[in-house]
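Read through the structure below, which is laid out as structure tokens, and then see the notes.
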Amino acid sequence: MSDPLRLGIAGLGTVGAGVVKIVRQKAALLEDRSGRGIAISAVSARNRDKDRGVPLDSYGWEDDPVMLATRDDVDVFVELVGGSDGPAKAAVEAALKAGKDVVTANKALLAHHGQALAELAEANGCVLRFEAAVAGGIPVIKALTEGLAANEVTRVMGVMNGTCNYILTRMESGGLSYDEAFAEADGLGYLEADPELDVGGIDAGHKLSLLSAIAYGTQVAFDGVELEGIGRVSIDDIRQAADMGYKIKLLGVCRMSGRGLEQSMSPCLVPATSPLGQLDGGTNMVVIEGDQVGQIVLRGAGAGEGPTASAVMGDVLDIARGTRVTTFGAPASKLVKAVAARATTPAPYYLRMALADKPGALAKVASALGEAGVSIHRMRQYDHVNEAAPVLIVTHKTTRAALDTALAAMPGTGVVIGDPVALRIEQV
Ligand code: HSE
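In UniProt numbering, the protein residues as written are 1 to 428.
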């Protein structure tokens, strides 16, 4: 039997404590499956005295994660500190320079520094794995990097922020306003310390940028993600989208078009009966489409102690077995710089607007759409509210540019009250 694989774990929050528990409670299973014992040499966190519900006395302690990362008795540095820079980055770089393999759950770090870290890992003969960084317990990195490696990926879509999905689901099921649903999620402890990471789409955008890099062999390009959070989604949109047979999701979509890499993370409509439309609460879903495999749907817990620690340990066991894959599924030197393209692939759009109650109002809106080349597929007008008629329009497929031309013409019609809401309908 080989020597045990020795871990140094930095960050003992929910996920770190979960990893320690798995190592302690499932030692025989881990050894049977990987052919090697898994041991913890030392740990590091900000507060040594905090009770984390798991005994830590038998492990070494380092106040500084960089010291932990370079200890002689650490083979794999497990980074669960978080943050795109600061101690997490310093410790991961130190570990790789010292020839240690690294397992991390840190999507922000990789979204901002993924290419440099992948190059550093390869230059030092190390692996850098990050299954837990994307969609929690769902093994999507492994699926894309390994199981689907023979495919040309045509599209990746994902609901990858459970907090946003929880808020949108509660708005729909409970009839709550955005602020009420946000407060409920906050009370349940779902929100990140900086809630904008969740509701601004940033956390999910980080995850999407990592999937794009693997799917299209490009250098991670978080700056190329068109980001829009859920803060402007109203209960009216949720209700009226439902009336037309759709659900609103914070949906990440990436695809390679003739113009370049399209990456968007924004509120979109999806058919209510589709797997994405039926995804309720804090769950995540990633849909991958490949030229050989067709469509794959992966669904599961996107956060939490057990699911995220499960993903971390999956990476650790791969290293214990001797499985060594490149960070983004191809040598770092082969990853090309992504040309960021605005999402230009034509799509149907949902438009909601309030019209003045005047003869010919609807005709003026229809003309403005027609002049921009936007064709109406379905339309509904609801009972007047305070002299204004709420109108819903679902367009045929059109480009965002044509839609923007039509939207720019709306104030000039003199009949549209306020700003129309326009949301893309993703065909799934
Ligand atoms: N805050 C994230 C979510 C989990 O709500 O899905 C960590 O990425």
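Backbone N, C-alpha and C define an ideal beta-carbon position, used for all residues, glycine too.
- Not one heavy atom of ligand 1 sits closer than 7 Å to the Cβ of residue 106.
- Inter-residue distance for residue 40 and residue 69 is about 13 Å (C-alpha atoms, whole angstroms).
- DSSP places residue 405 in the uninterrupted alpha helix (DSSP H) bounded by 400–413.
- Boundaries of the beta strand (DSSP E) around residue 268: 260–271.
- Counting along the chain, residue 40 sits inside the beta strand (DSSP E) bounded by residues 38–44.
- In this structure, the straight-line span from the alpha carbon of residue 420 to that of residue 364 is close to 14 Å.
- Residue 87 sits in a helix when the DSSP states are folded into three classes.
- Residue 280 has its CB no nearer than 7 Å to any heavy atom of ligand 1.
- Beta-carbon to beta-carbon, residue 167 and residue 185 are separated by about 5 Å, close enough to satisfy the 8 Å threshold.
- Inside the region 219–266, DSSP marks whole beta strand (DSSP E) runs of 3 or more residues at positions 246–257, from first to last along the chain.
- Just measuring C-alpha positions, the residue of 413, 120, 33, 237 sitting nearest residue 371 is 413.
- Within the region 1–40, the complete alpha helix (DSSP H) segments of 4 residues or longer fall at 14–25, 27–34, listed in chain order.
- Ranked by how close their Cα comes to the Cα of residue 241, the residues 273, 158, 257 have 273 in first place.
- If one requires a minimum length of 4 residues, the alpha helix (DSSP H) runs lying completely within the region 159–220 are 162–174, 178–187, 196–199, 202–216, in chain order.
- For residue 154, the secondary structure class from DSSP, reduced to helix, strand or coil, is strand.
- Take residue 257, set aside five residues on each side of it, and the residues of its chain with a beta-carbon closer than 8 Å to its own are 341, 344, 345, in chain order.
- Here residue 7 is near residue 316, since their CB atoms are less than 8 Å apart.
- Residue 75 has its alpha-carbon roughly 13 Å from the corresponding atom of residue 97.
- By the criterion of at least three beta-carbon pairs nearer than 8 Å, the region 146–156 is not in contact with the region 225–244.
- Contact between the region 378–388 and the region 197–209 is absent: fewer than three C-beta pairs spanning the two stretches fall below 8 Å.
- The straight-line gap separating the alpha-carbon atoms of residue 296 and residue 287 is approximately 6 Å.
- Runs of the beta strand (DSSP E) spanning 3 or more residues and lying entirely within the region 59–142 occur at 60–62, 76–79, 101–104, in chain order.
- Here residue 375 has 396 as same chain residues with Cβ atoms under 6 Å from its own Cβ, once five neighbours each way along the sequence are excluded.
- Between residue 302 and residue 284, the beta carbon gap of about 3 Å places them in contact (Cβ cut-off 8 Å).
- Within the region 274–346, the complete beta strand (DSSP E) runs of at least 3 residues fall at 283–290, 294–301.
- Excluding the 5 residues flanking it on each side, residue 380 has same chain C-beta neighbours closer than 6 Å at 392, in chain order.
- Ligand 1 has a heavy atom closer than 7 Å to the beta-carbon of residue 203.
- Rounded to the nearest angstrom, the Cβ distance from residue 90 to residue 79 is 10 Å, too far for a contact under 8 Å.
- A distance below 8 Å separates the beta carbons of residue 106 and residue 82.
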